[in-house]
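Data first, discussion second: the structure below is written as C-alpha cells.
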C-alpha cells in the first residue's frame, strides 16, 4: 500500500454521448492495459448507463503522473465532451506534482490511515 495512489472517479454521461463514450472506454482500457505500473483499471456502469465509476490504482505517483499525462494527450478532450465529473476521490499520498495534475479535476484526497492490501 505504501507509495501507491488510487482513486474512484464518478462520471455522469452526457445525453446522447453513451455510444461515443463506450468506444472511448474500450480505447482507454486497451491503451492503459500496456502500462506496467498501472495496477488496477476497472470501469463500472449503472443499469441505466448514466453513471460510470472508474477505479484506478498506480504503483506510485510517478506511474500516476505518466498515465495522466498520456490521458491528457490522447483522450481528455473526448472524455470531457462525453461526461461530467461528479466526484473524484483520491487515496494514498500522491506527490505534489501528482496533486497539481489532479486538482484540476476537483480531487478530494484521503490519506492512509489503516488496513492492508493484498
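In the working numbering, the protein residues as written are 14 to 131.
All C-beta atoms in this analysis are idealised placements derived from N, C-alpha and C, irrespective of residue type, glycine included.
Nothing here was measured: the structure is a model prediction, and the numbers come from that model.
_Per-residue burial, residue 24 [other beta carbons within 10 Å of its own, 16 or more giving buried]_ = Buried: at least 16 other Cβ atoms inside 10 Å.
*Between residue 30 and residue 89, which are expected to be in contact by the criterion C-beta below 8 Å, what is the C-beta distance as a whole number of angstroms?*
About 15 Å separates the two Cβ atoms, so there is no contact after all.
_Check whether the segment 56 to 69 and the segment 108 to 117 touch, using three or more Cβ-Cβ pairs below 8 Å as the test._
The segment 56 to 69, when compared against the segment 108 to 117, does not touch it at the 8 Å Cβ threshold.
*Between residue 121 and residue 103, is the Cβ-Cβ spacing less than 8 Å?*
With respect to the 8 Å criterion, residue 121 and residue 103 are classified as neighbours on the basis of their beta carbons.
*asked:* Is residue 93 near the ligand GDP - that is, is its Cβ less than 7 Å away from at least one heavy atom of it?
replied: As presented, the structure is devoid of all ligands, the ligand GDP included, so that no description of it is given.
*Are residue 21 and residue 66 touching if we call contact CB-CB under 8 Å?*
Pairing residue 21 with residue 66 gives a Cβ-Cβ distance under 8 Å.
_Distance check for residue 32 and residue 69, CA to CA, integer angstroms please._
Taking the straight line joining both Cα atoms gives about 22 Å.
*asked:* Between which residues of its own chain and residue 55 is the CB-CB distance below 6 Å, once the five residues before and five after are set aside?
replied: These residues qualify, in order along the chain: 68.
_Integer-rounded CB distance, given that residue 71 should sit under 8 Å from residue 51_ = Correct: roughly 6 Å between the Cβ atoms.
_8 Å is my cut-off, CB to CB: does residue 98 come that close to chain B?_
Structure shown: chain B not included; a single protein chain is present.
*Applying the criterion that 16 or more other CB atoms from any shown protein chain within 10 Å of the CB defines a buried residue, is residue 49 buried or exposed?*
Counting Cβ neighbours within 10 Å, residue 49 comes out exposed, since fewer than 16 surround it.
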